[in-house]
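What follows is a short report on a single structure.
There are 4 protein chains.
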Amino acid sequence: MIKTVETPRPSRPAFLGELFEVLTERGRRLLGRRGAGAATEAPDLCELGEALLSRRGEASGVAIAQGLLAAFEDADEATRLAFLQNLADRFGPDPAAVRAALEAVQRDPEDGRAIEALHDAAEPRRQELFRRLNLAPGGTAALVRMREELLRHLKGNPPLRRVDGDFAHLFASWFNRGFLVLRHIDWNTPASILEKIIRYEAVHAIQNWDDLRNRLQPTDRRCYGFFHPQLVDEPLIFVEVALTEEIPDNVAGLLDLDRQPIEAERASTAVFYSISNTQRGLAGVSFGNFLIKQVVEELKAELPNIRTFVTLSPVPGFAAWLAQQRKDAMSELIDADQRLAFAVLDDPDWHKDPAVAESLRAPLLAAAAAYFLRARDGKGRVVDPVARFHLGNGARLERLNFLGDVSANGLKQSHGLMVNYLYDLDRIEANHEAFAERSAIAASDSVKRALPASNP
Amino acid sequence: MIKTVETPRPSRPAFLGELFEVLTERGRRLLGRRGAGAATEAPDLCELGEALLSRRGEASGVAIAQGLLAAFEDADEATRLAFLQNLADRFGPDPAAVRAALEAVQRDPEDGRAIEALHDAAEPRRQELFRRLNLAPGGTAALVRMREELLRHLKGNPPLRRVDGDFAHLFASWFNRGFLVLRHIDWNTPASILEKIIRYEAVHAIQNWDDLRNRLQPTDRRCYGFFHPQLVDEPLIFVEVALTEEIPDNVAGLLDLDRQPIEAERASTAVFYSISNTQRGLAGVSFGNFLIKQVVEELKAELPNIRTFVTLSPVPGFAAWLAQQRKDAMSELIDADQRLAFAVLDDPDWHKDPAVAESLRAPLLAAAAAYFLRARDGKGRVVDPVARFHLGNGARLERLNFLGDVSANGLKQSHGLMVNYLYDLDRIEANHEAFAERSAIAASDSVKRALPASNP
Amino acid sequence: MIKTVETPRPSRPAFLGELFEVLTERGRRLLGRRGAGAATEAPDLCELGEALLSRRGEASGVAIAQGLLAAFEDADEATRLAFLQNLADRFGPDPAAVRAALEAVQRDPEDGRAIEALHDAAEPRRQELFRRLNLAPGGTAALVRMREELLRHLKGNPPLRRVDGDFAHLFASWFNRGFLVLRHIDWNTPASILEKIIRYEAVHAIQNWDDLRNRLQPTDRRCYGFFHPQLVDEPLIFVEVALTEEIPDNVAGLLDLDRQPIEAERASTAVFYSISNTQRGLAGVSFGNFLIKQVVEELKAELPNIRTFVTLSPVPGFAAWLAQQRKDAMSELIDADQRLAFAVLDDPDWHKDPAVAESLRAPLLAAAAAYFLRARDGKGRVVDPVARFHLGNGARLERLNFLGDVSANGLKQSHGLMVNYLYDLDRIEANHEAFAERSAIAASDSVKRALPASNP
Amino acid sequence: MIKTVETPRPSRPAFLGELFEVLTERGRRLLGRRGAGAATEAPDLCELGEALLSRRGEASGVAIAQGLLAAFEDADEATRLAFLQNLADRFGPDPAAVRAALEAVQRDPEDGRAIEALHDAAEPRRQELFRRLNLAPGGTAALVRMREELLRHLKGNPPLRRVDGDFAHLFASWFNRGFLVLRHIDWNTPASILEKIIRYEAVHAIQNWDDLRNRLQPTDRRCYGFFHPQLVDEPLIFVEVALTEEIPDNVAGLLDLDRQPIEAERASTAVFYSISNTQRGLAGVSFGNFLIKQVVEELKAELPNIRTFVTLSPVPGFAAWLAQQRKDAMSELIDADQRLAFAVLDDPDWHKDPAVAESLRAPLLAAAAAYFLRARDGKGRVVDPVARFHLGNGARLERLNFLGDVSANGLKQSHGLMVNYLYDLDRIEANHEAFAERSAIAASDSVKRALPASNP
């Protein structure tokens, strides 16, 4: 079927770029007018914030917004931090309004309208400030960067947490899945986007452009990302997919530059072997769950032969957890035989001697099963963060892969262990509910059977 | 199957269309599973709403959201109204949470964190419901339609006003100017969009496609609209512009199918002669102000010779107001001579006799000046709604045009009067502030001079 | 400046438009420089042609080419005709070169190289001239228009035929099917293209935009056109298709504005009910054959349920032919009973009386069968031009439809007769060869059976 | 400014790709049907060629064309060469037709029509064959590859030259500048095109993607290419441009990864420092001339401050020529002092010693001036091929740059010499004519002054 021939890709960024220039110039002029004698003096960020929330802000919102954002980005770090602090202190809810609204509620605690008026009055003023800053061309991206900076200062600064909460609230609305666009990323994608894939890949680093092409161009490789209309050149999250004939048990085979691709139509299995978020400033806004599920739908529609959807995932918390168990003589999660066997792990080359490696297989997989099915962290949660993500999505722990990743990093974080999580759309909802409500972990029989006999 | 995401216009709807089908089918299956024996029974909308806000909603949000939206659109009117009512009654703030948060504030009224926790607790649950409904493909458009329906039931139904307030709050965020895209609409625009321009034009009705072409294709005509990425085929607002050599004083000349276009480079003046909002469901979300100002920037950049930006605007409240003054013997806004002169207005053909018309020019313009500069409505506001819009944007009332619109509608609503509002970017901010704070009306000397001598 | 960010289509013309301006200005300057004192004097077209073929033409080809084309279009009709005549007389083969090449061939008539050198020498100089004119932006379109003008003067002007032959030769190469792009034309297509569909539709006139939408937007309607990269806004040919559940026998049902569309997936049959060429200047360059066959392939790929591909075609030569037979008392193609029956045809309202109409069915269809299967024109060809086109493409005459088109035109040209031609890809080649070599006409049994008993 | 106007990126290739599959399958089926018992036997290429020129070819042209092209590409080298040979021997002009046409001309040597009929008769049949092969999707590209192969066999095979002439003739028509599209190539261009820029860069090799980005992304770098609608992913030729504040005298500074870019608006000079053709199969079809001139126009329109357009060019023939002069004791183009000075050239490190290098500056530049202004090759032409290209385009030899390229290759081919050619649009035509007609070389005074005193 025919497709419109002239996809005009690059134009949007170009367009915004131009617009930005036009408006910024005007923004500068406007601001300069006030700066008067001291053209070189930096504008006061809080003053600009107040201006943006004032009457003037209604008339000249776009210009003031971009003035403030530009001034923030030009400022030195101390000034920026001071502004973030001011967001917490000076741009909270209006105390007088809150007081009045509270009194109304106290007069009639059952009055729905009063409660909702209280809700409005208690909205921190910075929420409206952020909405107005978003008027500026490029405003959304600038606000995401502003929060990224905020996150670096969060530790030990409780007031900033409130600012962060407002960012998170607004971003959850603005980056609602309904506003995201799924795009196929391939070798025809502009280089300006592809270089970001290289930069942001967080799971299995992309060495260079040949490595990248090897993940995008072959017939049995796919990559999808979510994009937001306001951040055109930036995937928010992306997933790399391999189409295979069976569930893979190691990653080296998938990334091999010399492997022979298969035809997509022959594949029975789609393997999500890397998922990377790209925007720290969007921390806490969840995309991965939606991305995986939509890609499953896409692939099912395109390639009806694919019936199995799994990940090939790292186990980043395993080695640290195991070290702890070995130190903790009282641990019930590993037994004496295992302790003995694990001694060889202290030799970094243990995996190179097939006999040694083989002797570790059973005890290590047993420990891994306990790690997933039995161990809990201080908050009572599954220890492994990747497991929490996939199990929380409703996936099932399908298989433990001994020596699935023998890279230095793989050995260090998980003694080479990798796992597959299975996405079975018909069971996702039940799995998710059981996990969320009862911490019940969906696992295949093979995983369950791997538990040590002492602790079934 | 996925399609090149930004294959620009036609494909995206197609893409969403396909996706919608895929997901809806799944949504139906999911929902059907619960409906069990009674496949034909309509799902309960409130139950679906609760499901969407529950654990299940986290796992199957997209499917439940589209299930609910589809069921709402399929339901009969009574069912839909009942659901809207339920949004008010059952999806307000969680009372227990509000109570607890209130107590915390009462313990320490200065605790910023407690106040912000109260803000969160007092958020009506329907806000989160709307955000989750927006997960569905086409969800934004469906919510806009839902509010359009709500607006029809608002009168005499105060609880629904609270629901409306939440819609307005969310839409203001989602349709923030930062998320809108300005597009030139011309004769190369897809017919599917152009037919909406015909349908939505609210000021000077477009008779047919020839009339439309006459407003888009000539070198001295422009049309711009704001679009939102989620409503691809729908302009949210659009403005029609004529490029001229002087400020026009009547609309017939602009719309004349036989007029001779001029070269755009020769124009000194851009005339905004029609601005139309298209989505009733977005009532109260303000676009016009931004649209006019951005179009001014665009035109300045493209055609530096254009230095005057004016409207040619109707005066929809004038005739009714004048009738009132004539009835009100005590009115000080018209004098005895004017009263006498206005008698001929009762003859619908008065404007056809040049002598009669001429005799009315001065008294009518004097009354018009008073209408704008002196008259106020019950709330102390300028009477004319179009004037409130442009003066509120910071424009200046520039000229009164006697017999500027002799169409039946023009005569009926304003005895043929039209006016020009001038957008001078350097004065917009000051005008806006003066108008907002002191109801001060920016008007040219010629308008001021038109005031009756008795009431200068 | 804004450019219709995602309106994709217009960009190409816009681009060429700009370029054209830039270059034309330069072209004018260049030409003006020569024009010296007489800036207002029109440049001599032949002189420009010689310049373009000269050394200067190598350096400044683009500018001279557009200068010549602009001057041609600005010239009055007599000047243009004179130039066309000069193309015949002064831009033929170079006589000296031909003479030399001929002598070489005569020295050795077997020398392949000499023969090919003769081929080169005998090439009319206007071919190279046309190729160089094509350097100008918009050159291809200008040459197509030039030939369109030439065609109007062809009659009685044999030398111009040679010019026409060169145009035809070059256009066949430039508009090779390999350079054409098939595009789906639908309600999302730019209005600037759609208005050309309205203008060019040659078979069943499109009344207005509602009629057009009715042919494009319903799920069971399609329209496809061939476009050439150099004529972006102009379909070269387009076909309108209806998707139906059975082979239709009349056109009114297809064009009915009130009919109920079916889902495309339910259709078993694709009906090509209108094919229109748009560019007179491309007369003789054949597109229709390729268009139909490619659309068949497209539809088969998109809608596998469609297995029957037919036309619903007019029979433009039938009424005139039948009138001749009736006049010709000796005609063996109609018999005495038929003659008698045909008398009622002289009443223009014959078809309104069911009994009368029914009495004509058999004799008229018998005559129609003879018209297709027996009658031949002076050159021994099938009489009907539409039949020659489809039979030449390899289609089969499938069915005769009595009163298939009761519009005034349909009654006038064919007494309401319409026919279906069937495109069966597996038989096209054999049918085409048989028709081309032996004038053998592929027809269904039902058509053959309709032949009068007297002439089976 | 150009923006990849029709960057038709993914959609067109995808489209053609799909189509190709559909049709090829059909093509194979068609061909297989004839192959009968021997499905595995390769089809006879000449037979397919004859079929394509026959009646069958009219009906099934697309399928046969792609069958022939696929079979050619699948065949072994000997089979392919045999087919090329057959194109020369069996697909020349039809001898009988030529004979008849010759006789007609001999009867009346003045008969224009007869001469043009002779032209037609003498057209080699392979021209029509190529036109019909072009019907196949991807046909143009396949024919370009076929000629690329032919070119490798040309040496010592005169009959193949005739085939090559026909390719050249058709390609000149199909790749007429009017059908080419200029596109800006930048960092937003698809990687699939960018990797071809890396592969095809012929002047200053691109080391890797960082080097590429350094030539595309900075504000003061541009790259433009000509594309043909039928070869969407393949630039036919591209030019790399640096925007600078003065005419550069060495290439290392331009390619330096660490240099500081300037703003484009500050540049006064555009430097074409690399032009690369990409398609060997299009040898002899001239693009470079048009490309440079159009890029000059584009840059003038976009950046009016740029007034100087120059190249920074290699001098590939200089070292070899100088070696010859040094061997030839009789050469008048270098004098005794120069001979003496040139002795140090035999030390490959001569340029590293500033004193030695400085001693060579004057004699080497004098020799260079003589090389350009005095020396001629056996055919009386300027010796340097790059000089022939730019001087032939009408450029002027502007400056000789001593040690402009000290890379190994630069030293080897030209003892480090680089030159600038100046494109002054107002003088191009005159320069071109003088060069073409009188071999007069446009050179700046500084170049002329560099001639040795002995030979001014």
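Residue numbers (UniProt numbering), protein chains in the order written: chain A, 1 to 456; chain B, 1 to 456; chain C, 1 to 456; chain D, 1 to 456. Even glycine gets a Cβ: it sits at the ideal position worked out from N, Cα and C.
Give me the DSSP bridge partner(s) of residue i.
i	result
residue 351(D)	For residue 351(D), which the question treats as bridged, DSSP gives no partner whatsoever.
residue 190(A)	190(D)
residue 175(B)	Residue 175(B) pairs with nothing; no bridge assigned.
residue 418(C)	314(C), 401(C)
residue 272(C)	241(C), 311(C)
Out of the options, state which residue places its alpha-carbon closest to the alpha-carbon of residue i.
i	options	result
residue 90(A)	125(A), 71(A), 322(A), 149(A)	125(A)
residue 384(C)	338(C), 349(C), 447(C), 320(C)	320(C)
residue 96(A)	335(B), 78(B), 110(B)	110(B)
residue 143(B)	177(B), 115(B), 199(B), 73(B)	73(B)
residue 300(C)	268(C), 331(C), 289(C), 277(C)	268(C)
residue 164(B)	88(B), 122(B), 207(B)	88(B)
residue 260(B)	218(B), 338(B), 436(B), 195(B)	218(B)
Mind checking if residue i is an interface residue toward chain F, Cβ cutoff 7 Å exclusive?
i	result
residue 190(D)	Within the model displayed, chain F is absent; protein chains A, B, C and D are what it includes.
Cβ closer than 9 Å: which chain C residues qualify as neighbours of residue i?
i	result
residue 288(D)	Per Cβ cutoff of 9 Å: no residues; residue 288(D) is ~13 Å from chain C at best.
residue 321(B)	Within chain C, no residue comes near residue 321(B); the closest Cβ sits about 39 Å away, beyond 9 Å.
Using a Cβ cut-off of 8 Å, pull out every chain C residue sitting near residue i, in sequence order please.
i	result
residue 194(B)	191
Just to check, is the beta-carbon of residue i closer than 6 Å to a non-hydrogen atom of the ligand GDP?
i	result
residue 83(A)	Although the ligand GDP was asked about, the structure shown includes no ligands whatsoever.
Listing by chain order, which chain D residues have their CB less than 7 Å from the CB of residue i?
i	result
residue 267(C)	Going along chain D, no residue has its Cβ under 7 Å from residue 267(C), so there is no contact; the nearest lies around 20 Å.
What in chain B is Cβ-close to residue i, meaning under 7 Å?
i	result
residue 209(C)	209
At a CB-CB cut-off below 9 Å, which residues of chain D make contact with residue i?
i	result
residue 187(A)	190, 191, 192, 195
Starting from residue i, find everything on chain B with Cβ-Cβ shorter than 9 Å and list it in chain order.
i	result
residue 229(A)	179, 181, 228, 229, 230
Which chain C residues are close to residue i, counting only those with a beta carbon under 7 Å from its beta carbon?
i	result
residue 123(D)	119
List, in chain order, every chain D residue whose beta-carbon is nearer than 8 Å to that of residue i.
i	result
residue 43(C)	None at all; the shortest Cβ gap to chain D is about 16 Å.
3 or more residues per run - each beta strand (DSSP E) lying fully within the stretch 68-124 of chain C: none
4-residue-minimum alpha helix (DSSP H) runs that sit fully inside the stretch 228-268 of chain B, ordered along the chain: Runs found: 252-255.
Runs of beta strand (DSSP E) wholly within the stretch 330-399 of chain A (minimum 3 residues, chain order): none
Sufficient close CB pairs (3 or more, under 8 Å) joining the stretch 262-280 of chain C to the stretch 311-320 of chain C: yes
Validate contact between the stretch 280-288 of chain A and the stretch 168-184 of chain A using beta carbons, cut 8 Å, 3 pairs: Taking 8 Å as the limit for Cβ pairs, the verdict is that the stretch 168-184 of chain A does touch the stretch 280-288 of chain A.
Any 3 or more C-beta pairs closer than 8 Å across the stretch 59-70 of chain D and the stretch 119-136 of chain D: yes
The stretch 223-233 of chain C touching the stretch 172-186 of chain C, judged by at least three CB pairs closer than 8 Å: yes
Contact the stretch 322-336 of chain C vs the stretch 387-401 of chain C: 3+ CB pairs below 8 Å: These segments do not touch.
The stretch 241-254 of chain A / the stretch 415-431 of chain A touching (three or more Cβ pairs under 8 Å): Yes, the stretch 241-254 of chain A touches the stretch 415-431 of chain A.
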